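Numbering (the working numbering), first residue to last: 73 to 123.
Every residue, glycine too, gets a C-beta built ideally from N, C-alpha and C.
Being a predicted model, the structure only gives us computed values, none of them experimental.
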Amino acid sequence: MSAVEADDRLTGGCQCGAVRYRLTARPTAASICHCRMCQKAGGAPFMAFTG
Numbered sequence: 073m074s075a076v077e078a079d080d081r082l083t084g085g086c087q088c089g090a091v092r093y094r095l096t097a098r099p100t101a102a103s104i105c106h107c108r109m110c111q112k113a114g115g116a117p118f119m120a121f122t123g
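Given below as structure tokens:
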């Protein structure tokens, strides 16, 4: 793997480290939701999503 490919990878996770993720392709879109169900599911005022 070249240095460009390694730097192009998108990774992340939750602060405690229990959940980790790595994107295999660039996101095509991003949005946030403020509905009550997403607030309850995320424990936050909104949730972010990507396609």
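{"Item": "Own chain partners of Gly115 with C-beta closer than 7 Å, once the 5 adjacent residues on each side are dropped", "Value": "none"}
{"Item": "Cβ-based neighbour list, Arg94, same chain, cut-off 6 Å, excluding 5 preceding and 5 following", "Value": "Thr83"}
{"Item": "Length of the line joining the Cα atoms of Pro117 and Arg98", "Value": "26 Å"}
{"Item": "Own chain residues within Cβ distance below 8 Å of Ala113, not counting five before or after", "Value": "Met119"}
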